[in-house]
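Residue numbers (our numbering), protein chains in the order written: chain L, 1 to 111; chain R, 1001 to 1114.
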Amino acid sequence: QKEVEQNSGPLSVPEGAIASLNCTYSDRVSQSFFWYRQYSGKSPELIMSIYSNGDKEDGRFTAQLNKASQYVSLLIRDSQPSDSATYLCAPDMGQGGKLIFGQGTELSVKP
Amino acid sequence: GAGVSQSPSNKVTEKGKDVELRCDPISGHTALYWYRQRLGQGLEFLIYFQGNSAPDKSGLPSDRFSAERTGESVSTLTIQRTQQEDSAVYLCASSYPTPDYGYTFGSGTRLTVV
Chain L
1 QKEVEQNSGP LSVPEGAIAS LNCTYSDRVS QSFFWYRQYS GKSPELIMSI
51 YSNGDKEDGR FTAQLNKASQ YVSLLIRDSQ PSDSATYLCA PDMGQGGKLI
101 FGQGTELSVK P
Chain R
1001 GAGVSQSPSN KVTEKGKDVE LRCDPISGHT ALYWYRQRLG QGLEFLIYFQ
1051 GNSAPDKSGL PSDRFSAERT GESVSTLTIQ RTQQEDSAVY LCASSYPTPD
1101 YGYTFGSGTR LTVV
């Protein structure tokens, strides 16, 4: 079983819609969770972090965490074409500081 | 510095040659990480440093790969006797002692072995 699983996509949504990106992880000790965005040909950039069960909102982005279900998601409201990128989920698996990255979900927002 | 700096940005080398990739982390970031990303693939962990010690080298693919770090500063990833399968983008990231606030990535070194 992979440690971090994400749907590879591509996930295609129309401009202005809500994009929902999901991630499951295998290790119950994970305490910190991160979402990174990676544009084609660029390096990943941190967009959200979440540590507690529930929702965390930052502008158009909402991260949701359910530790009992080992599930974390990212919602993007009012999606824009500039949101088109690959989104990487990365739990801190408690392995001494390294993050384990999922394969990423490719999001395409169509004008 | 203001960000994580990696050099060179691009490197083309002949099969069998050795290469050195350099990473200069953000000042004050004691943790430094190396990842590899092959074309169209996810991020593959290689090694991480806490200061100049490497508690976790589990991701280094073979003994042709090695890395070192001087204090809490520059790190060098060395690949000896390069093979075509080593072609990838090598990403360096740094953080405070734990990644509670996430990593900051450099722009990467694109290595092509011909």
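A virtual CB, placed ideally from N, CA and C, is assigned to each residue, including glycine.
Going by DSSP, E15/L is part of no beta strand (DSSP E) at all; its letter is neither H nor E.
In this structure, the CA atom of T1070/R is about 14 Å from the CA atom of L1021/R.
By the 16-neighbour rule on beta-carbons within 10 angstroms, V1089/R is buried. Annotation: the continuous beta strand (DSSP E) that includes I50/L extends over E45 to I50. By the neighbour-count criterion, in which 16 or more other beta carbons inside 10 Å mark a residue as buried, P1008/R falls on the exposed side.
Near chain R, meaning a CB-to-CB distance below 7 Å, the residues of the stretch 17–41 of chain L are S32 and F34. The C-beta of T86/L has 16 or more other C-beta atoms within 10 Å across all chains shown, which makes the residue buried. A Cβ-Cβ contact shorter than 8 Å links R1081/R with D1018/R. Under the Cβ distance rule, K98/L counts among the residues neighbouring chain R, one pair being separated by less than 8 Å. Residues of the stretch 1010–1042 of chain R with a C-beta atom less than 8 Å from some C-beta of chain L are A1031, Y1033, Y1035, Q1041 and G1042, listed in chain order. The Cβ of S1107/R sits closer than 8 Å to at least one Cβ of chain L.
In the three-state scheme derived from DSSP, where H, G and I count as helix and E and B as strand, Q1037/R is classed as strand.
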